[in-house]
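S.K.: Residue numbers (our numbering), protein chains in the order written: chain A, 114 to 334; chain B, 10 to 389; chain C, 86 to 329.
For glycine and all other residues, C-beta sits at the position ideal for the given N, C-alpha and C.
Can you read through this structure? Questions will come right after.
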Amino acid sequence: MRFGPVDLEWVADNADRIGELAVEHIYYTVVAIGIGLIISLGLALLVRRIPRLYGPVLGVTGMLYAIPSLALFALLVPITGLTSVLTVEIALVSYTLLILTRNIVEGLRGVPPDAIEAASGMGYTPTQRLMRIELPLALPVIVAGIRIATVTTVGLVTLAALLGLGGLGYLIITIGTNRGSFGITATLTGIVLAVGLAVIADLALLAVQRALTPWARRRTG
Amino acid sequence: MQDADPAGAVVAFEHVTKRYGGPGTLDAVSDLTLTVPAGEICVLVGPSGCGKTTTMKMVNRLIEPTSGRITIDGRDVMSLPAVELRRGIGYVIQQVGLFPHLTIGENVAVVPKLLKWTPARIRERVEELLDLVGLDPDSHRDRYPNELSGGERQRVGVARALAADPPVMLMDEPFGAVDPIRRERLQNEFLRLQEQVGKTIIFVTHDVDEAIKMGDRIAILQRGGILAQYDTPAAILAEPATEFVERFVGADRGLKRLSLARVRELDTIEPVIVRAGEDRADIRRRLDRVEELTYALLVDDQERPLGWIDQSDLAGSGPIDPGAATPGAPTVQPETTLRDALSALLGSSVQLGVVVDGRDRVIGLVSVDAIGERLRAPIS
Amino acid sequence: MDFIGEVAAWFADPTTWSGRNGIPSRLLEHLWISAVGLGMGAAIGLPLGLAIGHTGRGSLLVVSIANIGRAVPSLGLMGLAFLLLLPLGLGVGPFPAIVALTALAIPPIIVNTYAGLRGVDRELIEAARGMGMRASQVIWRLEVPVALPVILAGIRTSAVQVVATATLAGVIGGGTLGELIIIGFNTGDQVRVFGAALVVAALSIVTELGFAALQHAMASPGLRGRPIPPPEDPGQVAHAAGEV
């Protein structure tokens, strides 16, 4: 069945392979966000302890963010190999650092100071205070950052195909080599799925955020 | 005013000093020595920069003294890890600092949880405390702080501080963030609470009138953390130790002494209480029997005052018209100082104040004349 | 390391700097394609952002644009542009890239312009109207200057993204420095890949710093006390402007 130049039958026939690519795509994304979160949390706690470092940390992560992904891949290749997942992941993680670190820091800074003082005065240890009071209250801002980082990363994973790896980018670049209906179909499928994935991830994380912050929804008094 | 067996601990400061800069800079707290007897409220008061908050915070070691010793029931506060010390001291700050992401019940349960009480015991205690501060446990326990009004949040803060039944409580301008009317109520309620729990309380305020009202003893501090006078409010008002104290307490010392006496020390007048639907002729007869009253007090079905009904509204027969009542009877509570009561009464058209209890139910009436008489009597 | 030596040698080699695939030629191409993309994006985004920001209507549109701008991968955008222009016979050369870059440039500019204008104190605007300023005067003499830091932040974000994504034009045969990297990939010439990537990285950093300096310089001294907004992801700005 054709939809203009788009061949839906092809999509149906190759659903398996397409599904595989989608799963790969999700896998790359999750790994990148996971590692990015851990590193960013570490950086944020460092900045919390030594506030002077905030500027430099933002500067470095900002520079990393500015470097185009393709170039970053290329710069990593001599070290980590051309078709290596490591190359892609290092680059992907680097791009998440700016937004995640910034949001974790700002989130923590946004915790009401009187809550923090009360917590200390009542006898929480510093670690307890961080885990039970500060991080939970910083959660909305942190999750907002994770949402943005996730959507960005889903987009960037499409580039993994340029290094010969999988993911939905593989479909997108088909148009480069095949200008016929096959190419058009494949490319469009790749784009639609990538966008779809990003939107679903965003909404899912929004739901998670809402679920974790019941107090933000009720307002009176 | 105190129980025979106070539940509080003795807090003693021995030559406590806190210095921030090098030698030559003004001390935040300078060689402070005083003892707060068990179960008493000691108010630290003074102008800004006098070190009152710093002093309070040294008790739970949020600030560490530069030199000197602080003991609780003889035990040096340095002999415990700070975190453990703080779990045994109640802490209330001006902005309350309720945790927005925890329910009221969870907020109150914080310290008991840190002390690893059993869930059953915690639950019981939360219910007890919410009741104690005048909040219905069932309707408040599962709400979040942002659903409560400022006054309610203040009370949760106090409940939270009392949760683990600490012998000592620190309160830093706890009623400062609410309007004067609500503040007066909260002060009265807190004094009633203290009668029941009898903790040793260190209370910081910049408001001299609050200090006189709340304190069993007042410590007046001046800039540089120097103790100017430490004594009962009556003694300070009668004989200020230095010129600074005299100035700080204010030129209206005589009037302030009215703050030392409370409404409950007066003889109350029994009001003629009237409910909607009662017969006018009946009420007229009752009023006639009482010489001093020309007004009847209309109350609702919870015995709360609604307004005054005067003779002219009682002409004829049949049930009274509730709408005819003049609203705005000034209400005071037994703990209200005579000074505040006088203030309230002078502003009303009927020279009678209605005394109500914690639930706003009518207890009796007081008159301006009675206050005047009390003024003329010697203040003990 | 040998590899570093090889890269250095590649840079030293005069052929690297000459010809159609030489650095200067591709760099220039990269720059002018980016400039055109950014320019056209601004030409569309600024007026729209000003109109929506001044009137305050159409915030839903802005939020949607921000969301779409976030979700569509740049590679997909390139591919899409290529796809669409192919049947029109314009699939060759820099055209698809420019179209894609224009589309990419629009969201940060619209979102930031809108947010910047919305952030202007309502009382200031009332005062201006009270003094007798017409709508256009209110926009140009009051709103834009006050909102300038945020608007410039949007342009900066856009510029950085455009310069970065222009690299991908190489994937669809659109030239730019990215083409050098792709050629390197295809021929297995690791040295060229790395060298070209270095140039790209340097270009991006210069763009980032350059626009940051521009932001600083163009903010009115009266507003200098305020913190300059960092390169905001359009999504975050929309978030601040009232997105759910």
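Below 7 angstroms on C-beta distance, what does residue 69 of chain B contact in chain A?
M.R.: 234
S.K.: Can you tell me the Cα-Cα spacing of residue 135 of chain A and residue 251 of chain C, whole angstroms?
M.R.: Rounded to the nearest angstrom, the two C-alpha atoms are 26 angstroms apart.
S.K.: Can you tell which of A:146, A:245, A:286, A:300 has its C-alpha closest to the C-alpha of residue 120 of chain A?
M.R.: Per the Cα distances, A:300.
S.K.: Closer than 8 angstroms, CB to CB, is residue 170 of chain A near chain C or not?
M.R.: no
S.K.: If I follow the unbroken beta strand (DSSP E) through residue 123 of chain A, where does it start and stop?
M.R.: Not the beta strand (DSSP E): residue 123 of chain A falls in the alpha helix (DSSP H), residues 121-126.
S.K.: Do residue 254 of chain A and residue 219 of chain A come within 8 angstroms of each other at the CB atom, strictly closer than that value?
M.R.: yes
S.K.: Which whole-angstrom value describes the C-beta separation of residue 282 of chain C and residue 266 of chain C, a residue pair presumed to lie in contact below a C-beta threshold of 8 angstroms?
M.R.: 6 angstroms
S.K.: Report the partner residues of residue 180 of chain B according to the DSSP bridge assignment.
M.R.: B:101, B:212
S.K.: With residue 56 of chain B and residue 27 of chain B assumed to form a contact (beta carbons below 8 angstroms), what rounded beta-carbon distance in angstroms separates them?
M.R.: Actually they do not touch by this definition, with Cβ atoms about 17 angstroms apart.
S.K.: Would you list the residues sitting across from residue 140 of chain C in a DSSP beta bridge?
M.R.: Note: residue 140 of chain C sits in no beta bridge, so no partner.
S.K.: In the DSSP assignment, the alpha helix (DSSP H) including residue 171 of chain B goes from what residue to what residue?
M.R.: 159-171
S.K.: Would you be able to state if there are at least three C-beta pairs under 8 angstroms between the segment 174-190 of chain C and the segment 224-236 of chain C?
M.R.: no
S.K.: Is residue 223 of chain A close to chain C, meaning its C-beta is less than 8 angstroms from at least one C-beta of that chain?
M.R.: no
S.K.: Which whole runs of the beta strand (DSSP E) in the segment 158-185 of chain C are 3 residues long or more, in chain order?
M.R.: none
S.K.: Do residue 221 of chain A and residue 178 of chain A count as a contact pair if the criterion is CB distance below 8 angstroms?
M.R.: no
S.K.: So what's residue 239 of chain B in DSSP terms, helix, strand or just coil?
M.R.: strand
S.K.: Looking at residue 276 of chain A: is its Cβ nearer than 8 angstroms to the Cβ of residue 201 of chain A?
M.R.: Result yes, Cβ atoms of residue 276 of chain A and residue 201 of chain A sit closer than 8 angstroms.
S.K.: Name the DSSP bridge partner or partners of residue 230 of chain A?
M.R.: Residue 230 of chain A pairs with nothing; no bridge assigned.
S.K.: Would you say residue 333 of chain A reaches chain B, if we count a Cβ-Cβ gap shorter than 8 angstroms as a contact?
M.R.: At residue 333 of chain A the pLDDT is 49, less than 50, meaning the model places this residue with poor confidence; the figure from the coordinates comes in the next sentence. Yes - at least one Cβ of chain B is within 8 angstroms of the one on residue 333 of chain A.
S.K.: DSSP has residue 198 of chain B in a bridge; who is on the other side?
M.R.: According to DSSP, residue 198 of chain B bridges with nothing at all.
S.K.: Can you pull the chain B residues whose beta carbon is under 9 angstroms from the beta carbon of residue 179 of chain A, in chain order?
M.R.: Near residue 179 of chain A there are no residues of chain B at all, since even the closest Cβ is about 36 angstroms away, more than 9 angstroms.
S.K.: Who are the near neighbours of residue 391 of chain B in its chain, counting only those whose CB is closer than 8 angstroms to its CB and skipping five residues on each side?
M.R.: Residue 391 of chain B lies beyond the range of chain B shown here (10 to 389); nothing can be said about it.
S.K.: Using the beta-carbon of each residue, which ones in chain B are nearer than 9 angstroms to residue 227 of chain A?
M.R.: Using a Cβ-Cβ cut-off of 9 angstroms, residue 227 of chain A is close to 102, 103, 104, 105, 106, 107 of chain B, given in chain order.
S.K.: Under 9 angstroms Cβ-Cβ, which residues of chain C neighbour residue 308 of chain A?
M.R.: 153, 156, 157, 158, 161
S.K.: Taking 8 angstroms as the cut-off, decide whether the C-beta atoms of residue 119 of chain B and residue 142 of chain B are in contact.
M.R.: no
S.K.: Can you tell me the Cα-Cα spacing of residue 330 of chain A and residue 223 of chain A, whole angstroms?
M.R.: 18 angstroms
S.K.: Between the segment 241-251 of chain A and the segment 131-144 of chain C, do three or more beta carbon pairs fall short of 8 angstroms?
M.R.: no
S.K.: Excluding the five sequence neighbours on either side, which residues of its own chain have a C-beta within less than 6 angstroms of the C-beta of residue 357 of chain B, listed in chain order?
M.R.: Once the five neighbours on either side are set aside, the close Cβ partners of residue 357 of chain B are 339.
S.K.: Of the choices B:363, B:269, B:109, whose alpha-carbon is the least far from that of residue 326 of chain A?
M.R.: B:109
S.K.: If residue 249 of chain B sits next to residue 287 of chain B, beta carbons under 8 angstroms apart, how far is it from one beta carbon to the other, in whole angstroms?
M.R.: About 54 angstroms separates the two Cβ atoms, so there is no contact after all.
S.K.: Taking C-alpha atoms, which residue in B:304, B:19, B:305 lies nearest to residue 84 of chain B?
M.R.: Answer by Cα proximity: B:19.
S.K.: Against residue 248 of chain A, what residues of chain B qualify as contacts under a CB-to-CB distance less than 7 angstroms, listed in chain order?
M.R.: Within chain B, no residue comes near residue 248 of chain A; the closest Cβ sits about 10 angstroms away, beyond 7 angstroms.
S.K.: Helix, strand or coil for residue 131 of chain B, going by three-state DSSP, please let me know.
M.R.: helix
S.K.: Would you report the Cα separation of residue 146 of chain B and residue 121 of chain B, rounded to the nearest angstrom?
M.R.: 17 angstroms
S.K.: Return helix, strand or coil for residue 274 of chain B, following the three-state DSSP convention.
M.R.: helix
S.K.: Shortest alpha-carbon distance to residue 231 of chain A belongs to which of B:346, B:98, B:231?
M.R.: B:98
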